[in-house]
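Those protein sequences? They're chains U and W, same order as listed. With the first letter of the first sequence counted as 1, position 105 gets the number 104 in numbering that gives the first Met the number 0; the numbers rise by one all the way through. With the first letter of the second sequence counted as 1, position 43 gets the number 42 in numbering that gives the first Met the number 0; the numbers rise by one all the way through. Single-structure report; data block below.
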Amino acid sequence: MSDTGAKRLMRGSHVLGEAAVLAGCRYYFGYPITPQNEVPEYMSGRLPEVGGTFVQAESELASINMVIGASMAGARVMTSSSSPGISLKQEGISYLAGLELPAVIGNMIRGGPGLGNIAPAQSDYFQATRGGGHGDYRCIVLAPASCQELCDMTVKAFDLADKYRNPVMILGDGMIGQMMEPVVFPQPLDPASLPPKDWTITGAKGRPARAIISLLLDPKVMENLNFKLVRKYDAISQHEVDWETYLTEDARLVVVAFGTAARIAKGAIKRVRDMGLKVGLLRPKTLWPFPMRPLEQMSRVVRHLLCFEMSAGQMVEDVRLAVNGQADVHFYGRPGGVVPTPEEVAHQISHYYYQAHLDQAGPDKGPGGGGRS
Amino acid sequence: MKQVSTRPKSLKPNIFHYCPGCGHSIIHRLVAEVIDELDIRERTIGVPPAGCAVLAYNYLDVDMGEAPHGRALAVATGLKRVLKDHVVFTYQGDGDIAAIGTAETIHAANRGEKLTAIFVNNGVYGMTGGQMAPTTLEGMGSTTTPGGRVAARDGSPLDLTQMLAVAKGSVYLERVAVNSPKNIKKTKKAIKKAFQVQLDGLGFALVEVLSPCPTNWRMSAPASWEWIDTTMSKIFPLGVIKDETGYADRPGDES
Numbered sequence: 000m001s002d003t004g005a006k007r008l009m010r011g012s013h014v015l016g017e018a019a020v021l022a023g024c025r026y027y028f029g030y031p032i033t034p035q036n037e038v039p040e041y042m043s044g045r046l047p048e049v050g051g052t053f054v055q056a057e058s059e060l061a062s063i064n065m066v067i068g069a070s071m072a073g074a075r076v077m078t079s080s081s082s083p084g085i086s087l088k089q090e091g092i093s094y095l096a097g098l099e100l101p102a103v104i105g106n107m108i109r110g111g112p113g114l115g116n117i118a119p120a121q122s123d124y125f126q127a128t129r130g131g132g133h134g135d136y137r138c139i140v141l142a143p144a145s146c147q148e149l150c151d152m153t154v155k156a157f158d159l160a161d162k163y164r165n166p167v168m169i170l171g172d173g174m175i176g177q178m179m180e181p182v183v184f185p186q187p188l189d190p191a192s193l194p195p196k197d198w199t200i201t202g203a204k205g206r207p208a209r210a211i212i213s214l215l216l217d218p219k220v221m222e223n224l225n226f227k228l229v230r231k232y233d234a235i236s237q238h239e240v241d242w243e244t245y246l247t248e249d250a251r252l253v254v255v256a257f258g259t260a261a262r263i264a265k266g267a268i269k270r271v272r273d274m275g276l277k278v279g280l281l282r283p284k285t286l287w288p289f290p291m292r293p294l295e296q297m298s299r300v301v302r303h304l305l306c307f308e309m310s311a312g313q314m315v316e317d318v319r320l321a322v323n324g325q326a327d328v329h330f331y332g333r334p335g336g337v338v339p340t341p342e343e344v345a346h347q348i349s350h351y352y353y354q355a356h357l358d359q360a361g362p363d364k365g366p367g368g369g370g371r372s
Numbered sequence: 000m001k002q003v004s005t006r007p008k009s010l011k012p013n014i015f016h017y018c019p020g021c022g023h024s025i026i027h028r029l030v031a032e033v034i035d036e037l038d039i040r041e042r043t044i045g046v047p048p049a050g051c052a053v054l055a056y057n058y059l060d061v062d063m064g065e066a067p068h069g070r071a072l073a074v075a076t077g078l079k080r081v082l083k084d085h086v087v088f089t090y091q092g093d094g095d096i097a098a099i100g101t102a103e104t105i106h107a108a109n110r111g112e113k114l115t116a117i118f119v120n121n122g123v124y125g126m127t128g129g130q131m132a133p134t135t136l137e138g139m140g141s142t143t144t145p146g147g148r149v150a151a152r153d154g155s156p157l158d159l160t161q162m163l164a165v166a167k168g169s170v171y172l173e174r175v176a177v178n179s180p181k182n183i184k185k186t187k188k189a190i191k192k193a194f195q196v197q198l199d200g201l202g203f204a205l206v207e208v209l210s211p212c213p214t215n216w217r218m219s220a221p222a223s224w225e226w227i228d229t230t231m232s233k234i235f236p237l238g239v240i241k242d243e244t245g246y247a248d249r250p251g252d253e254s
């Protein structure tokens, strides 16, 4: 079924599943929830073809705990869900972080809170990037903006999870999961070729018995684990930040957006560029670790940023932290599953652009600058 | 001189942290003896619960992986699906398996997961200090039922093992107790059978062990043994609840 090298037209949810299989994932545990039902459906057919195992669990709680068990045994393992289901998985995700277990979690965000709706949204940015469950921990969060990137990031997610022994979340939305695009898949990886893991529980044969635990009753011991995690997160922040810039060289205003919102923003930027507005895009590809330094450096040159999200404003807090007052940070968001058009976003961009008199000013004016007096 | 008793290989030489009279230390030892006798220590993985037995990995000398409260059989499902030739067991209390983990338990049994569950029923939440459990008897006091459990307000004691009998994937279910030497022998036999069911790939097996908690029952140890006979086993009767193993009793199993 896997036809590597050639372009294949595939739906995002299927791309996530196929890329996981090619990355050596042989275990998937899931539970139906729209808009990602095509992931468990795909895996239920695909995994048996490669000798893998698919289990439809009785709940998201059970499925994430099955992921914990398979990861303890050393397997590459994945689950996926959408917002309300991810809320239920948060207990297990905290345990994955505390037990230092690798796992990949797909999250196709839908509008919320509560049961919400099944339309594309980005309103779980906080939940994904702040840990989401209890305790001092972080998930690595990758935000694809196309089906090809979803494929590449899924493969990378398994490598990052194993490298850092940490859960990795693929943060998409209903749009990424449902749309069809041509994808070139990588060569399949044989899980047997992966380096052995020296921490798994596979029976105490020829070695002392091991226990994988996160209960550390002595606060000093617990603190040591927390500091160990902090060092790990520092290393991830140093080495794994990823982002893309688009038309930023001469930009006087830069839009900051991720995933589906970034695609819409690109369309909007093309439109305002045609009108002569000097506008670019910075797209975080890793939401945690967040591209703090690239944004900080950009804010020394570009004094006006417009954060655009399909939420009431979540990533904008990280943007403000990154620029630390060096630039004016504007925000435009549509929550609740509303997907704005490039025209609508172009209108917002030009609104901020002209309001700040950027059509007249040089790009080196300070925050609040640009002719307002 | 004849040696009549020794520490099982699968039991670490650590002093149990359990309260005096607690059944956990007996049940731990029985599990370790069975693992030794079946010679499966090197391919056995245990999943301890959240509860008094959360520290079981300090005593059982096998690989162990800690589960969140109630999720032991889901974690065990993940382990066993990867390690098909290994032996995976859970060790869970009544709150863990019959309250917060009810769904995980019923569905693991219903899928016929080739797992062995040791369900320690002492009718109370021990580690958190004696609150009402799903298995607390009517009229029985706890820190959250100070005047005793009232069915109309608190529900009646839940017979989880009986519920599991209707699941097609469950093959062997037995309720035993560790309140007398005779019952301890029966408990060991049941635990051994529940591991054998997994070794033979027959399906889901669970042994419910009525276990004394003198501390939270506010009783002496001997009084707690007697209370299991006179009161607790009237609500949770001992015996085989389901047996579709087709095994004839094997000689030597009584040892």
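Backbone N, C-alpha and C fix where the C-beta goes; we use that ideal spot for every residue, glycine too.
For residue i, three-class secondary structure by DSSP
i      : result
P31/U  : coil
I108/U : strand
T259/U : helix
V150/U : Per the sequence shown, residue 150/U should be read as Cys rather than Val. Helix.
V54/U  : strand
L82/W  : coil
C18/W  : coil
S17/U  : For the record, residue 17/U in the displayed sequence is Glu; it is not Ser. DSSP places E17/U in helix when its eight states are reduced to three.
T244/U : strand
D197/U : coil
L10/W  : strand
Q177/U : helix
Y58/W  : coil
D273/U : helix
L188/U : coil
R7/U   : strand
Cα-Cα separation between residue i and residue j, rounded to whole angstroms
i      : j      : result
G4/U   : E57/U  : 37 Å
A355/U : H346/U : 14 Å
P181/U : A191/U : 29 Å
C212/W : A160/U : 43 Å
R109/U : A260/U : 14 Å
A102/U : S232/W : 44 Å
K231/U : Y163/U : 7 Å
I268/U : L114/U : 34 Å
A247/W : K192/W : 11 Å
I200/U : S70/U  : 9 Å
I14/W  : P180/W : 22 Å
I211/U : K196/U : 13 Å
P250/W : F235/W : The predicted model places P250/W with a pLDDT of 48, which falls under 50 and marks its position as unreliable; any figure quoted below should be read in that light. If you take the alpha carbons of P250/W and F235/W, they lie about 28 Å apart.
G44/U  : A108/W : 24 Å
S93/U  : K277/U : 43 Å
G68/U  : K265/U : 42 Å
P34/U  : R10/U  : 12 Å
K241/W : G171/U : 47 Å
C21/W  : N182/W : 15 Å
N120/W : K188/W : 18 Å
Cβ separation of residue i and residue j, assumed to be a contact under 8 Å, to the nearest whole Å
i      : j      : result
L95/U  : E65/W  : With 8 Å as the limit, L95/U and E65/W do not qualify as a contact, their Cβ atoms being about 12 Å apart.
D84/W  : R42/W  : 7 Å
G312/U : F330/U : 5 Å
N64/U  : G77/W  : 7 Å
K113/W : K79/W  : 6 Å
F53/U  : L60/U  : Rounded, the Cβ-Cβ distance is 18 Å, inconsistent with contact.
Strand pairing of residue i, partner residues [DSSP]
i      : result
H350/U : Looking at the DSSP assignment, H350/U forms no beta bridge with any residue, so it has no partner.
P166/U : A102/U
R148/W : E137/W
G433/U : Coverage of chain U is limited to positions 0 through 372, which leaves residue 433/U absent and any answer about it impossible.
P119/U : R109/U
Neighbourhood of residue i by C-beta, 8 Å cutoff - its chain only, sequence neighbours within 5 removed
i      : result
E295/U : A321, V322, N323, Q325
G50/U  : R25
6 Å Cβ shell around residue i - same chain, five flanking residues per side excluded
i      : result
T244/U : L281
W287/U : T128, R137, V140
E243/W : V170
H27/W  : Y58
C18/W  : T214
M174/U : P119, T259
V87/W  : I44, A75, L78, K79, L114
Close-in-space but distant-in-sequence residues of the same chain around residue i (CB under 7 Å, 5 per side omitted)
i      : result
A156/U : V103, L141, V167, I169
L224/U : L215
Residue i Cβ short of 7 Å to the ligand COA heavy atom set
i      : result
L209/W : Although the ligand COA was asked about, the structure shown includes no ligands whatsoever.
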